[in-house]
Amino acid sequence: MAENSEKTFESVILQWEVDESKRYRRGRLWYAGMGLIGLVLLIYAVASANFLFALLILMFALVIYLTALRAPTNVMVEVTDDGITVGGTRFSYRDINRFWFVYEPPEVKMLYLGLKGTVRPWLPVPLDQQNPNEVRSILGKYLPEDLTEDSEPITDFLGRVLKL
Numbered sequence: 001m002a003e004n005s006e007k008t009f010e011s012v013i014l015q016w017e018v019d020e021s022k023r024y025r026r027g028r029l030w031y032a033g034m035g036l037i038g039l040v041l042l043i044y045a046v047a048s049a050n051f052l053f054a055l056l057i058l059m060f061a062l063v064i065y066l067t068a069l070r071a072p073t074n075v076m077v078e079v080t081d082d083g084i085t086v087g088g089t090r091f092s093y094r095d096i097n098r099f100w101f102v103y104e105p106p107e108v109k110m111l112y113l114g115l116k117g118t119v120r121p122w123l124p125v126p127l128d129q130q131n132p133n134e135v136r137s138i139l140g141k142y143l144p145e146d147l148t149e150d151s152e153p154i155t156d157f158l159g160r161v162l163k164l
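Take the sequence shown: its letter number 53 is residue 53 in the UniProt record's numbering, and every next letter is one higher.
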């Protein structure tokens, strides 16, 4: 499916650089609220002898802490005549079955790629300052656009709202 990017003779049609992940501004109130929710869930997990759930809560808190410490790296997005490369990982057009946009500036400016036969059914690609009509016209030559999709997946929505 996804392959590491190798230097080939494919031509780059469009490219832009985006942050690897969105960097949210989280205040003290956010950390206090999430800490309280985590503590309540941790107490519930221990009280119900669900130690796996307790471990998952602690791991989730550790991941949030570690990601808050480092700034997201920049990744290059390249649209070529053979596929799309996101951060060095190449997705051939034969591995993508559709694409769609969720464009509600300034909060959401995303291109979604529907992937064939994977555990991850879609790949979100931030558009940043890229013109979605330009991307649409290029991808439309290689892939069908799914016009029935008009909102972001619930996991992306919750991640954005909860600043995760």
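Each residue gets a CB set at the ideal place from its N, CA and C atoms; glycine is no exception.
- The three-state reading of DSSP puts N74 in strand, counting E and B together.
- By DSSP's assignment, D128 forms no beta bridge with any residue.
- Cβ contact annotation for E17 (same chain, cutoff 6 Å, sequence separation greater than five): N74 and M76, in chain order.
- Under the DSSP assignment, D156 falls outside any beta strand (DSSP E), being part of the alpha helix (DSSP H) whose first and last residues are I154 to V161.
- Between the alpha carbons of G114 and D95 lies a gap of roughly 9 Å.
- Under the DSSP assignment, G114 falls in the beta strand (DSSP E) whose first and last residues are V108 to L115.
- For I13, the closest of L164, D150 and G140 by C-alpha to C-alpha distance is G140.
- Straight through space, the alpha carbons of A49 and L42 are spaced by roughly 10 Å.
- Residue burial annotation: V63 is exposed, with fewer than 16 other C-beta atoms found within 10 angstroms of its C-beta.
- Ranked by Cα distance from R98, the first of Y142, L69 and P132 is Y142.
- Judged by beta-carbon spacing, A45 lies beyond the 7 Å limit of A32, meaning their Cβ atoms are not closer than that value.
- Inclusion of Y24 and K109 in the CB contact set at 7 Å is not warranted, their separation being larger than that value.
- DSSP lists L115 as the beta-bridge partner residues of I96.
- In the three-state DSSP reduction, R90 falls in the strand class (E or B).
- Put simply, the backbone Cα of F101 is about 33 Å away from that of M59.
- Looking at the backbone, the Cα of D150 and that of Y65 are separated by about 33 Å.
- In the structure shown, T67 adopts helical secondary structure according to DSSP, grouped into three states.
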